[in-house]
Every structure is written in C-alpha cells, then in structure tokens.
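Notes for the one structure printed next.
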Amino acid sequence: MKRNLFLYLTTFLCGASIMGVEIASSRFLAPYFGSSMIIWTVIIGVILVAMSLGNFIGGRLADRSDPEQRLYQLILWAAIWIALIPVVGKHLIAVIAGAAIFLFPGNPILAGSLLVCALLFAVPCLILGAASPCMIKAATQNLDNNGRIAGEIYGLSTLGSICGTFLPTFLTIPLLGTDRTFYLFAGILCALAVINALRGSTGKKKALTVLVLIFAVAVSPFSVPFLFWETPLLETESVYNYLVVKEKDGVRTLSTHVLIGTQSMYSPKAGLTGLYYDLALLAYFMVSPIEADKRLPVLILGFATGTFARLSRQFFPESLIDGVEIDPEIVRLGREYFDLNDDDAQVFVEDGRVFLTRTEKRYRIVFLDAFQDVSYPFHMATREFFVELASKLEDDGVLAININMRSQLQPDLCSYLTGTLAGVFPTVMLCEHPNYYNRIIFASKNPQLREMFAARVKALPEDHPLYDLAGKALPGLQAAAKSQYVLTDDLAPVEITGFRVLNQQLAGAFREILIRVILRLKDSLA
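First residue of the sequence shown? That's 422 in my numbering, and the numbers climb one at a time after it.
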C-alpha cells in the first residue's frame, strides 16, 4: 500500500512538473519571441505532441522488465534536462533566433519558436509522457482493478497539472523567477528519484549527486541573464512581463523585449524625448483652451513608468492626469528608476478596459499606449472598447493612439484601427511626422478637429517649445483613409496582423543577437 501511495505522489508531481515547465517556458520565450497567442499555441502544440509521443514510447517501455525502476530512471533524466534549460537555454535561443532569419526568412518568429520549443521543452515532456504508462503498469497488480488504477493515475496527474498551472504564475515566477522555477520542478522530480533509490538498492549515488547539483545551482547567485551579451541597469520579471532597464548617456529606457521596443524613457534634462510621446502631445492643441484656474482631465491607458505624464506636466502644467497600468512592477520601477512621483499622476494598477468600465470620470484627452510585451492587446482595439471609451470622453475630447507597426501588407493594424474608430467617432485623423517612426491616430467627436488644431498651432508664438514639432506635424495630419475593416470582441485578428510586422522587425533584432553572440564567443576565445 505504501508503494502505491508513493507512486500516486509521483503521478501528482509529474503532472505538476509538466505544466510547470509549460508555463515557465512561455516566460522563457517572451523576451525573444513575445508572448502572443501565437507563441502560446506553439508551446501548447509542441508539448502535446511530445507527451503523445512519450505515451506511445512509454507503453512499449512499460511492457519490458521492472516498469517501476524504469519510471524513476525516466524521471531522473527529465529532471536533468529541465535543470539544464536555464543554464544553456538562453544561448541556444539566441543562436536559433539568429539562424531562423537565414533558414526561414519569411517567418523567423514561428520557425524559431517551434525549433526552440522542440529542442528545449519537448524532450522533458516527452520523457514524462513516457513515464505515465510505466506508472499505470507499476501500480496495477491484477486485471480486476486495472481500470480503477488507470483512472486514479490519470486523475492525480490532472490534479497535479492544475497545481502546476497556478503555482508558477502566482507564486514561483513572481517570487523566485523563471530560472529557479525550472530548478524547483527539476528538484522535485530528482527528489522522487532519490527517494525511490533510497528505498531500493541501486542508483542512490547518481540520483543524490544530481539532486545536490540542482540544489547548489538553484541557491547560488549564478544566473544567465536573458540579455547575456549586455550589462543592463536592471533585468527582472513580473507576473506580466520580462523587464529590462538600460541606461545610455544618462537616458534610461524600459523595455519588455531584449532588443526591440521602448515602453518608457527618462532623461534628467527637460525637453522632448525624440520618441512618439512627443507626437501625442499634439492632442492638447486639439481641444479648446481652458480657463486659467481650471484643470484639464487626462487619462493614460498603458501608463508604464509615466513618460507621457511627465511630458504633459512639463508642457501643460494644467493637466490633471489619471494613469492606468496593469503591471505593478512597472509602476514600482517607475518610482525607483524613472523619477515617477505622486505629482505626475494618480496611478491605477489594473487593466485599462476594466478601469473604463468602472470609472465615472470624463476626460478631455485620452492617450492609448497599451501593449502586451511587443504586441497590441486585442481587447483594447475593438468597437465595443471604443464605444465604452467614447462615453468617457467630453464632447470635444480627443483620443490619441500610438501605432508602432508599419507594413506594406494590407490590411495592417492601422487600417483595422481606423476602420473600427470610424464607426464610433465622426473624426479620425492619422498623424505622420518626418522625424518619427511611430504614427498617432487621433479620434474625436468634434468634426472640426483639424481646423481646431491648425488654428491653435498658427497662434503659437515662435518661441513656444512645441512650435517646431506642431508646425511640422500639421501637413502630416490628415483624415485617415477609409477602411472597411472593423475589430470586434468576437473577431479581432490583431495578433495575426501584428505578427507579420513583428517578423520584419524581429528579423533585424535576431540578426543583431546572432552577431553579438558570435562576437562574444570570439572575445572569449581570444
């Protein structure tokens, strides 16, 4: 009976380990490939294929001699592989990502993520998949109760998988990090092999050695950073994101990707940033001036560390700003590294759409700058979302949306957004500026939006700090082209649309990763 209880414990912990690896693998890939639904599909698909193959192989192994001994041998090998993922995985991803550009130039993200999943994460899941038939065979003593035994094994494995789903997300990744989450599950599996070896007569030394090595690496300060070819100011993780803070020439930036995208920036010098935040300031010239003793209510969805809030307070001190940011760790980094203070804004830590649903406030300006790592969150791009947002805008209010994805392939994200906005707002304008890569979409209930902007820009004195920016932006502020494409909560192919553009953007980034890895290897061999 004790033997069966230990087998049942093994079943439960193996199920937890499979899901733990699956959840942690998404965080392991995110700094390089993002964490979109497409990447999740790759992870789930590859792991299911691996487990299926493992079941077939394990069935054959279980029919050979001593299935229980073979079971714990498989578990030990799975533990070793999982423990090696944090040690060699990031270098392997860098090489595969770089190679994918040349081998699969049309789709390096999909090809690269598939290869990485197959090489890093599929193997331990295949091994643990092979362990399942061995568990059933080892637990079955006669044919009278084999159905009950199989049901209990599958049930416990599923319960373990449920625990393995919640544990990394809410506990181990936020508290320990992704690397030590892998070490934790590797250690659990290795401990099972050690306990089994102690109960038997063979394998004690090998299993104990592996367990000690895993424990030593897990508790040591040794860690391979995701951005291993650089020395950033800070590299950390939150429940939602991989986060890296860099500093160059006194300017700090925050990114959720190792090479592309800037979610926030801070310079101790006052003035414009040279990034898209500057263009979003033009929204202030699209609303009528307020009285001297009044405040201008502004909402920022996708607040990050408060770059736009600081700019707004600098150039328009009458701004009364609410900021919404889903990731509390980003807000904390804003206070620690980006000079965010309570005077800049009142910050709400929650999802932007949830905030809009519950708030009763109305705003003159709303700046939408929400991203899920480097992808656009679909639920903040649909007609239903913009209808809710429009109800929180004053009659002459303006919505500004940052668009960072350009593509020659149509329909692109901009076409989808302008088409969706046109069904909600009478006026939809697109601002292109010769000095900026990003574009800003402006939407308003005011049919005279461009005329309002032109009049206020022409009235600016030449010494106004935004005079040049606004003057050069005026010719590029045009009515958005008519679009038949509309995003809804039911149908919003935002990730597929953005995926095409990310393939182009990340191709250059992957190439840079490969070059830096080669140069680092060359320096280490010199």
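Yeah, the Cβ is synthetic: ideal placement off N, Cα and C, and Gly gets one too.
In this text, all values refer to a predicted model and were calculated from it rather than measured experimentally.
query	result
Same chain, Cβ closer than 6 Å to G436, neighbours up to 5 away in sequence not counted	S578, G581, S582
I917, buried or exposed, once every other Cβ within 10 Å from all chains shown has been counted against 16	exposed
Start and end residues, beta strand (DSSP E) containing Q899	898 to 900
Close beta carbons around L492, own chain, < 7 Å, minus the five adjacent residues each side	A552, C555, M556, A559
Separation of S456 from N425, as counted between CA atoms	40 Å
Spatial distance of I506 from Y663 (CA atoms)	17 Å
Buried or exposed (CB count within 10 angstroms, at least 16 for buried), E489	buried
Identity of the residue in Q735, A504, R783 nearest P718 by Cα	R783
Beta-carbon spacing of A791, G727 below 9 Å	no
Test item: CB-CB of P886 and F736 under 9 Å	yes
Continuous beta strand (DSSP E) stretch holding P847: start and end	Unbroken run through P847: none, as it is neither H nor E.
Proximity of G666 and Y575 at Cβ, strictly below 9 Å	It should be noted that the sequence gives Val, not Gly, for residue 666. In this structure, Y575 does not lie closer than 9 Å to V666 by Cβ.
Spatial neighbours of L629 in its chain, beta-carbon cut-off 6 Å, leaving aside the 5 residues before and after	V615
Of the listed residues N476, W498, C546, nearest to M416 (C-alpha basis)	Since the displayed the chain opens at 422 and closes at 947, residue 416 lies outside it and no answer follows.
Assumed close pair L536, A521 - CB separation to whole angstroms, cut-off 8 Å	7 Å
Range of the contiguous alpha helix (DSSP H) that encloses S644	Run containing S644: none; DSSP gives neither H nor E here.
Closest Cα partner of L596 within the set E658, S865, E573, A725	E658
Per-residue DSSP class, three states only, for L820	strand
Local Cβ density within 10 Å of K669, reported as buried at 16 or more and exposed below that	exposed
Contact under 9 Å by Cβ, N825 with G682	yes
Alpha-carbon spacing of A691 relative to I609, whole angstroms	52 Å
Cα-Cα separation between P855 and A843, rounded to whole angstroms	25 Å
Given H678 as reference, the closest of V708, M686, T652, F647 once Cα atoms are compared	F647
Assigned secondary structure, P718 (DSSP; H/G/I helix, E/B strand, else coil)	strand
Straight-line gap, R779 to Y453 (C-alpha atoms, nearest Å)	35 Å
Beta-carbon proximity of L820 to F874, cut-off 9 Å	no
Selected residue, minimal CA-CA separation from K813, among V845, Q831, N823	V845
Status (buried if at least 16 other CB within 10 Å, exposed otherwise) for Y837	buried
Closest Cα partner of P689 within the set A704, L732, Y661	L732
Burial state of I444, where buried means 16 or more other Cβ atoms lie within 10 Å	buried
Of the listed residues P832, T839, Y705, nearest to A802 (C-alpha basis)	T839
Exposed unless 16 or more other CB atoms sit within 10 angstroms - verdict on P529	buried
Distance, G527 Cα to L890 Cα	37 Å
Contact belief for V631 with C611 at Cβ below 8 Å, rounded distance in angstroms	5 Å
F863 - partner residues in DSSP beta bridges	A821, M850
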